[in-house]
Every structure is written in structure tokens, then in C-alpha cells.
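For reference, the structure is listed below as C-alpha cells.
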Amino acid sequence: MSAARDSDKYATSARYGGSGRISRAADRRSLTVEATFSLRSEVRLVTDVFAPTTPDLAEVYRPAGRCAAIVDATVDRLHGGALRAYFAAHGIPLTTMVCRALEEDKTFDTVRRMAAFLGGEECDVARDEPVLVVGGGVLTDTAGLACALLNRRTPYVMIGTSIVSAVDAGPSPRTCVNGTLIKNAMGAYHPPVLTLVDRALFRTLAPEHLRHGVAEIVKMGAVDDEGLLVLLQRHGRGLLETRFATTGEDRGLAAIADEVLFRSLYAYLRHEGTNMFETHQDRPHAYGHTWSTKFEPVAGLLHGHAVAVEMAFTATLATLIGWLDEDSRDALLEVCRDLGLAVHHPVIEDLELMRVAQESVRRKRGGSALWAVAPRGGLGKCDYLAEVEDSLLAEAVDRHRVRCAGFPDGGAGLGMYLRDARWS
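Listed below in C-alpha cells is the structure:
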């Protein structure tokens, strides 16, 4: 028997929906409930999001009558004046929590402080009231988790101010904090109801933050959209030099920047967005995110460099099992190196660490198999490795080390460590 419900009259939220049914056994000894949950998450490319003439934020917050926002401290220094001027111009009261958001802040204590702000007397955010989150990947993950916990599910609008948060962490349903020497160990599935991507905000990014963010775009090109990878081959360096065409007056490059962002988002969301709760592990966007979950914090690498190292290593692994030819592997390495991304780091030669990473990720992905993503049949396509035996792992690590030893820098990236990172 199903439970009928007046969805309009009793709805908790206009942004989320659900339905269910209950059945009872004939012997009246057991009950079974089946339920579904529905949501809508939109991503828009916008221009000058904080210009008073840009309507997107006002359309969301005018009906709410106010806006409660969590803003990255560095972003507040660079763009906080424009943010406040925007809401003042529209006559919408704005209350902000300015929050430091470094990798070391990706903790439950940070989430607790955010939730205390949103749920405290100053804000007391309603269950269907969208919070505004403005910042990079760390803020996306932590503020998103705070919204997931507040009122058990509070909607939020995301403005990604870095490339990572714009094309990957921002629209992602996965909110999280780090565990002990493992990335993103704990969290909840809770995507923003709206993500606004404005490449004008990239103008203030330092080169190392631009560079390591682009790794997430390379990732989607390598395993899902070869045309995207070609655009990076031809224009990637120009996009970095102009901060995604936000400096200079090159309209052609600006159009290419928009196309790169759109294609990357589409490739990401057509897999991540339609597999919102990771109920399946055929996930191309997990390329570069198997072994790196362990070796990134151990080596102290910026996330994009760690992802690039694993992408390059996995491409070498793919050549060993006949999934990828060496010319294609070398083409991927060339794209990464042209963008200043690392393609090798000695940390992957720690085979015990790599094996521990496999066991950890296998459990995280359900326990049935590793499902490591690797290119297959050329760039722009992929398949999934159920297992990587110790002997194959060791051979692939050694083969990749030898390949990268031919580079003058051994395959290192520019500004590849967290300690090197700075902000403009």
C-alpha cells in the first residue's frame, strides 16, 4: 500500500521532493519501506556576478528577504566590498561569516563553527532558506557539509572563486572534511541548488592556484572528452597566462575559456550529477583520485598536482595492460607538463603506501573492487580496473619512474607543494 500525500500543502521545501511506500507482511511480523528523494541542482556560467545589473543572486535572495553568507577570508579581502555593494544595491540585508579556508581547516571544528553561525541567533536560517557560499574548494566542502547537517538539509548557493570550486568541488554533491592522512574521509551528499561560475573571479588567483585547478579540467578531457583535451593542448598555456581571458581584450580566447569551462562542467555533471549518491562506481571523474587520496597529504602536494601525478602514472599503468598506447600516454604527459603540472613524484615509489591507499579506497567504494579509472582505447575514453595486483603496481611504478627520469626536472610541477601556495 502507498501513502498518499498532498505534496504542495505539506511540502517542507520547494527545492527537494520525495515519495515512498510501505508494505506489510501477511503474518504482520514485518514492515518494508521504499522511498525516493528528488532534487534539482543547476549550474550557470555568468559574467560579473557581483555587478548590480547581474540578476542571478537577487532573484534568489529577494524572495527570502535576506541573505546569510559564508565567505572565504581571502575572497572577502578581494571581493567582499563588491559582494556587500551588490546586496546593498538591491536592498537585501546581508549577514556574513568570514572564514579562513586552508587545507588544514578542512575539519569538523570548522563545520561546527559554520553551523553555529547559521543556526545561531544572528541568522537562525530556516530549513528552506538558501545559504550563500563564496569561496574555493575547501570552503565548498566544509560549508556544504555544514548546510547538510543544519536542519538535516539546508539548501545553499555556491559561487566558486577558484577553478577547482567552479568546475569540480562547487557543483559536486560530495561535501566533506579530511581524516587522518586521507583526503575527504567523512562527509555527506548535498549538492548546491545553484552554482554560479564567473571566470572574472579567476583574475585574482595566483598562478599556482590557477595551474593546480586546471588539473580537474585535464582529468575530464583525458577520460571523457577528447575535444576538451585538444582545447587545452592548443590554448591551455594562454588561458593560464591570461587567468582564463580575464586580462587583456582577446575576445576569441574569452570564448574559448567559456567553452572549456562549459565542456568540463558538462563532462563532470553528466556522470557525477546523474549518480548523485555514488550508488555506482563507474565514475570517470574519479580519475586521479585513487592512490592520491593517500599520497597527496603525505607528500604535501596541492590537490591538482597530486591528481596529475596519478593521472600520468595510471596512463603508464594502462600501457602495461594494453589499454593505451604509449603515444597517447605521452600526449597526456605533454599536456600536463605544458601546463606546469607534476607528472611524477617519488612518493608513489612507496609501494606500501600505494597498497594501503588501494585498500582504503576499495572500502570507500563499496568493498567489491578497486574500480580505478584509467584511459582505454585512446584519450577521451576510459574503463575501470577492478584490481591492481602487487606485481603490476610495482612494475607500473618502476616503468613510470623510468619514463619521467628523462625529463630534466624528473616530472616535477611548478609550485606543486601546499607550502608554495600564495594568494594574489
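Sequential numbering of the sequence shown, starting at 8, is according to our numbering.
Built from N, CA and C at the ideal position, the CB exists for glycine as well.
According to DSSP, residues forming a beta bridge with residue i
{"i": "V50", "result": "T202"}
{"i": "F115", "result": "DSSP output for F115 lists no bridge partner at all."}
{"i": "I189", "result": "G186"}
{"i": "C389", "result": "P382"}
{"i": "V164", "result": "L139, L201"}
{"i": "G24", "result": "S45"}
{"i": "V40", "result": "I29"}
{"i": "A293", "result": "Answer is none; A293 lacks a bridge partner."}
{"i": "R181", "result": "Y196"}
{"i": "Y424", "result": "L308"}
Endpoints, the beta strand (DSSP E) within which residue i is located
{"i": "R36", "result": "Element bounds for R36: n/a, residue is neither H nor E."}
{"i": "C106", "result": "101-106"}
{"i": "I77", "result": "74-79"}
{"i": "G142", "result": "138-142"}
Residue i - containing alpha helix (DSSP H), residue span
{"i": "G259", "result": "258-279"}
{"i": "P214", "result": "214-230"}
{"i": "C411", "result": "397-412"}
{"i": "D416", "result": "Careful: D416 lies outside any alpha helix (DSSP H) and carries neither H nor E."}
{"i": "Y68", "result": "63-71"}
{"i": "F302", "result": "299-306"}
{"i": "A432", "result": "What the structure shows of the chain is the stretch from 8 to 431, and residue 432 is not part of that stretch, so it cannot be assessed."}
{"i": "C343", "result": "333-345"}
{"i": "R244", "result": "233-248"}
{"i": "L360", "result": "358-371"}
{"i": "P170", "result": "In the sequence as displayed, the identity of residue 170 is Ile instead of Pro. Where I170 is concerned, the enclosing alpha helix (DSSP H) stretches over 170-174."}
Option nearest residue i by Cα separation, candidates the options
{"i": "V184", "options": "V118, E233, V221", "result": "V118"}
{"i": "Y294", "options": "V237, V40, H216, D175", "result": "D175"}
{"i": "L1", "options": "R107, T253, C411, P291", "result": "Residue 1 lies beyond the residue range present for the chain, which begins at 8 and ends at 431; the question has no answer from this structure."}
{"i": "G220", "options": "R370, A18, C343", "result": "C343"}
{"i": "P59", "options": "G88, L38, R270, S45", "result": "G88"}
{"i": "V164", "options": "E285, S48, F124, E366", "result": "S48"}
{"i": "L146", "options": "K113, A18, G417, F124", "result": "K113"}
{"i": "A155", "options": "Y273, T211, R134", "result": "R134"}
{"i": "A252", "options": "L268, A379, A229", "result": "L268"}
{"i": "R160", "options": "R383, D397, G24, W378", "result": "G24"}
{"i": "E279", "options": "T326, P178, F414, R244", "result": "P178"}
{"i": "L272", "options": "C106, G228, G144, F209", "result": "G228"}
{"i": "E128", "options": "G142, A401, T102, L152", "result": "T102"}
{"i": "Y424", "options": "A349, V404, G374", "result": "A349"}
{"i": "A192", "options": "H352, D148, P214, D15", "result": "D148"}
{"i": "A403", "options": "V171, A319, H197, L386", "result": "A319"}
{"i": "V50", "options": "T187, G126, R277, T19", "result": "R277"}
{"i": "A381", "options": "L392, S375, G374", "result": "L392"}
{"i": "E136", "options": "P100, D83, Y68", "result": "Y68"}
{"i": "A338", "options": "R35, R241, A150", "result": "R241"}
{"i": "D232", "options": "L64, E111, A65, K388", "result": "K388"}
{"i": "R244", "options": "V230, F124, I263", "result": "I263"}
{"i": "V314", "options": "E303, R84, T323", "result": "E303"}
{"i": "T168", "options": "F124, T249, D83", "result": "D83"}
{"i": "N158", "options": "S20, V140, G72", "result": "S20"}
{"i": "R290", "options": "T249, V230, A71", "result": "V230"}
{"i": "G384", "options": "H351, A322, W378", "result": "A322"}
{"i": "E66", "options": "G98, V409, V354, P214", "result": "G98"}
Buried/exposed call for residue i, threshold 16 Cβ in 10 Å
{"i": "S431", "result": "Here S431 scores only 41 on pLDDT, less than 50, and its place in the model should not be relied on; the value that follows carries that caveat. It counts as exposed."}
{"i": "P180", "result": "buried"}
{"i": "D131", "result": "exposed"}
{"i": "G420", "result": "buried"}
{"i": "V78", "result": "buried"}
{"i": "L90", "result": "buried"}
{"i": "I440", "result": "The question about residue 440 has no answer, for the chain in this structure spans 8 to 431."}
{"i": "G143", "result": "buried"}
{"i": "F284", "result": "exposed"}
{"i": "A11", "result": "Unreliable positioning characterises A11 in this predicted model, as indicated by a pLDDT of 49, which lies under 50. A coordinate reading is not provided."}
{"i": "T187", "result": "exposed"}
{"i": "F94", "result": "buried"}
{"i": "P198", "result": "buried"}
{"i": "S172", "result": "buried"}
{"i": "S375", "result": "exposed"}
{"i": "E394", "result": "exposed"}
Within-8 Å CB hit, residue i to chain C
{"i": "V380", "result": "Among the protein chains of the structure shown there is no chain C, as only one such chain exists."}
field: Touch test, the region 291-310 against the region 355-363, Cβ-Cβ under 8 Å, three pairs minimum
entry: Touching, yes.
Given 8 Å, three or more beta-carbon pairs between the region 368-380 and the region 328-340: No: fewer than three Cβ pairs fall under 8 Å.
*asked:* Does the region 306-324 come into contact with the region 208-223, if we say contact requires no fewer than three beta-carbon pairs (one atom in each stretch) closer than 8 Å?
replied: yes
Contact between the region 103-110 and the region 37-44: three or more CB pairs below 8 Å? no
Is there contact between the region 53-70 and the region 200-214, where contact requires at least three CB pairs shorter than 8 Å?
-> yes
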